[in-house]
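Chains as they are written, first to last, in our numbering: chain A, 1 to 371; chain B, 372 to 618.
Glycine is no exception: its CB is placed at the ideal position from the N, C-alpha and C atoms.
Accompanying notes for the structure given below.
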Amino acid sequence: MTARDKLTASDTTGRRWRFGAPPKNPTKLALTAIAVGVILAALSWLTLDNLYLALQALEQGGAAAKIILVILGIGALYPLRPAFRSLARARSSRQALAQNDLVNARIDTAASRDAAWISISLSVALAIVLMVVEFLIANDLAVSRTFFLLPLMGETLGLILQAFLTNIYIFLIAEVLVLVVGLIVAIARFTPGEAGKPIRALAVIYTDVFRGLPAIINIYLIGFGISLTGLPVLKDCSQETFAIIALTLTNSAYVAEIYRAGIESIHWSQIAGARSLGLTYMQTMRFVIVPQAVRRIIPPLLNSFISLQKDTALVNIIGAMDAFNQAKIIASNHFNLSAVTTVAIIFVVITIPQARLVDRLVERRRLAGGM
Amino acid sequence: MALIEIRDIHKNFGGHTVFNGMSLAVEEHQVVCLIGPSGCGKSTLLRCINGLEPIDGGEIRIHGERMTGPGVDVNALRRDVGIVFQSFNLFPHMTVLDNVTLAPIQVLKVPRAEAEARAMELLKRIGLEQKATSYPDRLSGGQQQRVAIVRALAMDPMIMLLDEITSALDPELVAEVLSMVRDLAREGMTMLLATHEMGFAREVASKVCFLYGGKVHEEGPPEQIFGAPREERTRSFLRQIVDAGRL
Chain A
1 MTARDKLTAS
11 DTTGRRWRFG
21 APPKNPTKLA
31 LTAIAVGVIL
41 AALSWLTLDN
51 LYLALQALEQ
61 GGAAAKIILV
71 ILGIGALYPL
81 RPAFRSLARA
91 RSSRQALAQN
101 DLVNARIDTA
111 ASRDAAWISI
121 SLSVALAIVL
131 MVVEFLIAND
141 LAVSRTFFLL
151 PLMGETLGLI
161 LQAFLTNIYI
171 FLIAEVLVLV
181 VGLIVAIARF
191 TPGEAGKPIR
201 ALAVIYTDVF
211 RGLPAIINIY
221 LIGFGISLTG
231 LPVLKDCSQE
241 TFAIIALTLT
251 NSAYVAEIYR
261 AGIESIHWSQ
271 IAGARSLGLT
281 YMQTMRFVIV
291 PQAVRRIIPP
301 LLNSFISLQK
311 DTALVNIIGA
321 MDAFNQAKII
331 ASNHFNLSAV
341 TTVAIIFVVI
351 TIPQARLVDR
361 LVERRRLAGG
371 M
Chain B
372 MALIEIRDIH
382 KNFGGHTVFN
392 GMSLAVEEHQ
402 VVCLIGPSGC
412 GKSTLLRCIN
422 GLEPIDGGEI
432 RIHGERMTGP
442 GVDVNALRRD
452 VGIVFQSFNL
462 FPHMTVLDNV
472 TLAPIQVLKV
482 PRAEAEARAM
492 ELLKRIGLEQ
502 KATSYPDRLS
512 GGQQQRVAIV
522 RALAMDPMIM
532 LLDEITSALD
542 PELVAEVLSM
552 VRDLAREGMT
562 MLLATHEMGF
572 AREVASKVCF
582 LYGGKVHEEG
592 PPEQIFGAPR
602 EERTRSFLRQ
612 IVDAGRL
C-alpha cells in the first residue's frame, strides 16, 4: 500500500467519509408543490369566472369566449403536473432507500426536488398573472375601460400612427446627428498634448452641461427661446427642427461618454502596434481604435437610441404634433386614456426588435471570428 | 559608424532605474541578442529605439541621425524600423491581409492592389496565404506571430526589433517563428532581439549582450558569452537558465 492509499483509506485511519449520508426525504416539498398548485388552480377558476361576467357585461360572452376560458381553466392545472411527478419520484426514492440503493435514491430525490421547484415557480408566475387580470377587471372593468377601450383605440389608431411619423422623423435624424456629434466630442476629449488642452476642456464642459441639463428643459429653452431671439434662419425653423437640435445636444453628451468608454477599453498594445507601423495618432484612432471601440459599444449605443426614441415624446411641451400630443388631444376629447395607451404600446413595440437585432449582430460577429 | 548607436542612455520608471548609462552599438547586417533577467530593460530598450518610450538622458542614433529628444519625426523613424511584440498586437477587427496592408496603404501610400499583391507574396513565403481572409483569433499563436512579423516586413524596414516574440507561444509553436527569424538573419536583415531562447541566440547572434544594472554588463560573440562568460553576474544568470533546462 502506498502512502497516498494510507491517507485516504478510512478503515486504516479510523476516519469516515462525510458524503455517504442518505438523501433527505423530498416528500414534504412535493406535497407543498401540490398544495400550492391546487390553491392557484382554484383562484384561477374564480378569476376566470369574474372575467366571464365582465365579458358578458361587454356583450362578448359568446361560445368562443367560453371555449377560450375553459381552455385557460384547464391550463391553470398545468403546475400540478410537475408537482405529481415530484411526488412519484419521492416515492421511488423512498423505495430505493429501503433497498439500500443510495445511488438511485439520490437520483430520484434530485429529480423530485427539481420537479417540485418547477411546479412552485409556475404557480408563483400564475399568481402574478392572476393579480394583473384581477386589477384589470376590478371595479366593473374600470381599469380596462380607462386604459384599454378597444373601440376607441381602433378608431384613433390611424391618427396616432400618422402623428408617430413625426416622432420617427425626429429620432431618425437626431440619431444620425448624435452618432456624429458624440464621436467628435469623444475624440476631442482625447486630443493629445498641450495644444489639445483647450479642446479637451471644451469637450468636458459640453458633456458636463448637457448631461446635467434635463432634456425637457433643454427642449423647452431651445423650442421657445430660439424663435424669440429673431436670429436669421434659426428663428424660422420648425418645432421638429428645434426638437432635433435639443435632443441631439442632450444625447450627444451621453453618447460621447459611451464612445469614450469604448475607446478607453481598447488595450494600449493596440496603439503600440499601430504607432509602431508608422501610423499617425489620427490614423491609429480611425483605423484601429475607433472601429474596435464601436463594435464593443453597440449594446450601450442601442440603449441610448432607445432612450432617445422615448425622449421624442417630450417634444409635446413645445407644441410639436407628435403621437403623444395627438393622443392627449384625443384623450381630452373622449375623457379616456386609451389613445395614450396606444402610443405607449407603439413605443414598446418599436424598441423590442432593435434589441433583438443588436443581439444578433453581436452574436454573428462573434461566430465569424472577428470581434 | 554603427547602424544603431545607443549612447549613455538613462531612464527611470517611477523611482526604478531602467537604464543607467547604457551604451550599445549594432552594425549593419548584425543580429544582436539581448539577454538578461526579467525587468533588466530588454523590452524597454527596444521600445525606446522605436520611439514608443521616451528616454531621460543620452541619445539613440540610427544611421547617424539622432532619434530621441525633441524635433524627431517618430512616424518617419517607424517607417524604417519595424518592431514585433511579445503579444503580437495584431488588430483583431481586421483580416490577416488587412493587418498586413494597413500601414503600407495608409503610411507609404502604396496603391491597394500593389500592397495586397506584396502582402500575399509575403504570406505565401510563410505558407499562410490561405489564411489571408481569416481573422487573427482563428490562427494559432505561432501563425499570429508570423503574421505580425510579416506585417512589420511589409513596410520594408531597414531594421527589425523583436521583443521576446516567442515568449507567449506554446513550446511546439516556437520553432516556426524562429525559423522565420533565421531566414531574415540569413537575408542580412539588421536585427536586435530580446529573447529567452538561449539556444537560438547562440545560433543566430553575431553579438550577445547581457543586460544588468541598467547597462550592458557583458557583451561578446555567442561562443564567448555562453561558453566562457567573464562576469560573475553573467555566469550566475546562465547557470539559472541551465538549471531550468533551457540551454
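Inset, instruction - Look at the alpha carbon of Glu603 (chain B) and the alpha carbon of Gly584 (chain B), and state the distance between them as a whole number of angstroms. - result: Along the second sequence, read from residue 1 onward, the residue named residue 603 (chain B) stands at position 232. Along the second sequence, read from residue 1 onward, the residue named residue 584 (chain B) stands at position 213. Near 13 Å, if we compare the C-alpha coordinates of Gly584 (chain B) and Glu603 (chain B).
Legend entry - Interface flag, Gly225 (chain A) vs chain B, CB-CB below 7 Å: Here residue 225 (chain A) refers to the residue found at position 225 when the first sequence is read from its first residue. No - not a single Cβ of chain B is within 7 Å of the one on Gly225 (chain A).
Legend entry - Collapsed DSSP secondary structure at Asp379 (chain B) in the structure displayed: Numbered from its first residue, the second sequence carries residue 379 (chain B) at position 8. Reduced to three states, the DSSP call for Asp379 (chain B) is strand.
Inset, instruction - Verify whether the separation of the beta carbon atoms of Asp508 (chain B) and Gln457 (chain B) is less than 7 Å. - result: Position 137 of the second sequence holds residue 508 (chain B). Position 86 of the second sequence holds residue 457 (chain B). It is not a contact, given that the beta carbons lie outside the stated cut-off.
Inset, instruction - Please report how far the alpha carbon of Pro372 (chain A) lies from the alpha carbon of Glu175 (chain A), in whole angstroms. - result: Coverage of chain A is limited to positions 1 through 371, which leaves residue 372 (chain A) absent and any answer about it impossible.
Inset, instruction - Thinking Val402 (chain B) and Ser607 (chain B) are a contact (beta carbons under 8 Å), I'd like their distance in whole angstroms, please. - result: Stepping through the second sequence from its first residue, residue 402 (chain B) is reached at position 31. Stepping through the second sequence from its first residue, residue 607 (chain B) is reached at position 236. Actually they do not touch by this definition, with Cβ atoms about 25 Å apart.
Inset, instruction - On a CA-only basis, which of A:Arg18, A:Leu87, A:Leu249, A:Ile318 is nearest Val185 (chain A)? Give me that one, please. - result: By 1-based counting over the first sequence, the position of residue 185 (chain A) is 185. Nearest C-alpha to Val185 (chain A): A:Leu249.
Inset, instruction - Compare the C-beta of Val288 (chain A) against all C-beta atoms of chain B and say whether one is closer than 7 Å. - result: Counting from 1 along the first sequence, the entry for residue 288 (chain A) is found at position 288. By this cut-off, Val288 (chain A) is an interface position.
Legend entry - Straight-line Cα distance separating Met526 (chain B) from Thr537 (chain B): Residue 537 (chain B) sits at position 166 when you count from the first residue of the second sequence. Residue 526 (chain B) sits at position 155 when you count from the first residue of the second sequence. Their Cα atoms are separated by approximately 22 Å.
Inset, instruction - Identify whether Tyr78 (chain A) lies in helix, strand or coil by the three-state DSSP scheme. - result: Within the first sequence, the letter at position 78 stands for residue 78 (chain A). Coil at Tyr78 (chain A), not helix or strand.
Legend entry - Three-state secondary structure assigned by DSSP to Met131 (chain A): Here the question's residue 131 (chain A) lines up with position 131 in the first sequence. Met131 (chain A): helix per DSSP, three-state reduction.
Inset, instruction - Just the C-alpha distance for Asp108 (chain A) and Gln99 (chain A), rounded to the nearest angstrom, thanks. - result: Position 108 of the first sequence holds residue 108 (chain A). Position 99 of the first sequence holds residue 99 (chain A). Answer to the nearest angstrom: the Cα atoms are 14 Å apart.
Legend entry - Start and end residues, beta strand (DSSP E) containing Val397 (chain B): Walking along the second sequence from the start, residue 397 (chain B) turns up at place 26. Val397 (chain B) -> beta strand (DSSP E) spans 387-397.
Legend entry - Host alpha helix (DSSP H) of Arg200 (chain A) (start-end): For the purposes of this step, residue 200 (chain A) is taken as the residue at position 200 of the first sequence. Taken as a continuous stretch (DSSP letters only), the alpha helix (DSSP H) holding Arg200 (chain A) covers 197-212.
Inset, instruction - For the beta strand (DSSP E) containing Cys580 (chain B), list its first residue and its last residue. - result: Along the second sequence, one-based indexing puts residue 580 (chain B) at 209. Segment 578-583, the beta strand (DSSP E) holding Cys580 (chain B).
Legend entry - Cβ contact check for the region 26-46 of chain A and the region 79-94 of chain A: 3 or more pairs under 8 Å: yes
Legend entry - DSSP three-state assignment for Arg18 (chain A), whether helix, strand or coil: As a first step, residue 18 (chain A) must be located in the first sequence, where it is residue number 18. Coil at Arg18 (chain A), not helix or strand.
Inset, instruction - Could you spell out where the beta strand (DSSP E) holding Gly262 (chain A) opens and where it closes? - result: Within the first sequence, the letter at position 262 stands for residue 262 (chain A). Here Gly262 (chain A) belongs to no beta strand (DSSP E); instead the alpha helix (DSSP H) covers 239-264.
Legend entry - Closest by C-alpha distance to Gly598 (chain B), when choosing among B:Gly616, B:Val587, B:Gly570, B:Lys586: Taking the second sequence and counting its residues from 1, the one referred to as residue 598 (chain B) is at position 227. Among B:Gly616, B:Val587, B:Gly570, B:Lys586, the Cα nearest to that of Gly598 (chain B) is on B:Gly570.
Legend entry - Continuous alpha helix (DSSP H) stretch holding Cys404 (chain B): start and end: If you number the second sequence from 1, residue 404 (chain B) lands on position 33. Taken as a continuous stretch (DSSP letters only), Cys404 (chain B) belongs to no alpha helix (DSSP H), being part of the beta strand (DSSP E) at 402-406.
Inset, instruction - Leaving aside the five residues before and after Glu376 (chain B) along the sequence, list all residues of the same chain whose C-beta is less than 6 Å from its C-beta, in chain order. - result: Stepping through the second sequence from its first residue, residue 376 (chain B) is reached at position 5. Cβ neighbours of Glu376 (chain B) beyond the five flanking positions: Ala396, Arg432.
Inset, instruction - With 7 Å as the threshold, decide whether the Cβ of Pro299 (chain A) is near any Cβ in chain B. - result: Within the first sequence, numbered from 1, the residue matching residue 299 (chain A) stands at position 299. Not one chain B Cβ lies under 7 Å of Pro299 (chain A).
Legend entry - Residues near Val471 (chain B) by beta carbon distance below 6 Å, same chain, minus five either side: Looking up residue 471 (chain B) in the second sequence gives position 100. So the list reads Ala490, Val521, Arg522, Ala525, once near-sequence residues are dropped.
Legend entry - Candidates B:Phe384, B:Leu473, B:Glu398: closest to Ser276 (chain A) by CA position: The sequence position of residue 276 (chain A) within the first sequence is 276, counting from 1. Nearest of B:Phe384, B:Leu473, B:Glu398 to Ser276 (chain A), Cα basis: B:Leu473.
Inset, instruction - Could you tell me whether the region 140-149 of chain A touches the region 292-308 of chain A, using the rule of 3 or more Cβ pairs below 8 Å? - result: no
Legend entry - Local Cβ density within 10 Å of Glu485 (chain B), reported as buried at 16 or more and exposed below that: Mapped onto the second sequence, residue 485 (chain B) falls at position 114. By the 10 Å Cβ count, Glu485 (chain B) comes out exposed.
Legend entry - Within-7 Å CB hit, Val389 (chain B) to chain A: Locating residue 389 (chain B) in the second sequence gives position 18, where the first residue counts as 1. Taking Cβ atoms only, chain A never reaches closer than 7 Å to Val389 (chain B), which makes this a no.
Legend entry - Rounded straight-line distance, which links the Cα of Ala272 (chain A) to that of Leu510 (chain B): Along the second sequence, read from residue 1 onward, the residue named residue 510 (chain B) stands at position 139. Along the first sequence, read from residue 1 onward, the residue named residue 272 (chain A) stands at position 272. Computed Cα separation, rounded: 21 Å.
Legend entry - Test item: CB-CB of Gly61 (chain A) and Leu55 (chain A) under 7 Å: Taking the first residue of the first sequence as position 1, residue 61 (chain A) is located at position 61. Taking the first residue of the first sequence as position 1, residue 55 (chain A) is located at position 55. Yes. Within cutoff.
Legend entry - Secondary structure, beta strand (DSSP E): runs of 3+ residues fully inside the region 443-489 of chain B: 452-455
Inset, instruction - Would you please verify whether the beta carbon of Ile454 (chain B) is less than 7 Å from any beta carbon of chain A? - result: Here residue 454 (chain B) refers to the residue found at position 83 of the second sequence. So, interface residue.
Inset, instruction - Using a cut-off of 7 Å between C-beta atoms, extract the partners of Pro291 (chain A) located in chain B. - result: Within the first sequence, numbered from 1, the residue matching residue 291 (chain A) stands at position 291. His464, listed in chain order.
Legend entry - Selection from A:Leu48, A:Ala63, A:Tyr52 that minimises the alpha carbon distance to Gly73 (chain A): Residue 73 (chain A) sits at position 73 when you count from the first residue of the first sequence. Checked all of A:Leu48, A:Ala63, A:Tyr52; the closest Cα to Gly73 (chain A) is A:Leu48.
Inset, instruction - Please name the residue or residues paired with Gly428 (chain B) in a DSSP beta bridge. - result: Indexing the second sequence from 1 puts residue 428 (chain B) at position 57. Its beta-bridge partners are B:His381.
Inset, instruction - Starting from Ser458 (chain B), find everything on chain A with Cβ-Cβ shorter than 7 Å and list it in chain order. - result: As a first step, residue 458 (chain B) is located in the second sequence; it is residue number 87 there, counting from the start. Going along chain A in sequence order, the residues near Ser458 (chain B) (Cβ under 7 Å) are Ser269.
Legend entry - Run of the beta strand (DSSP E) containing His359 (chain B), from where it starts to where it stops: The displayed coordinates of chain B run from 372 to 618. Any statement about residue 359 (chain B) would go beyond what the structure contains.
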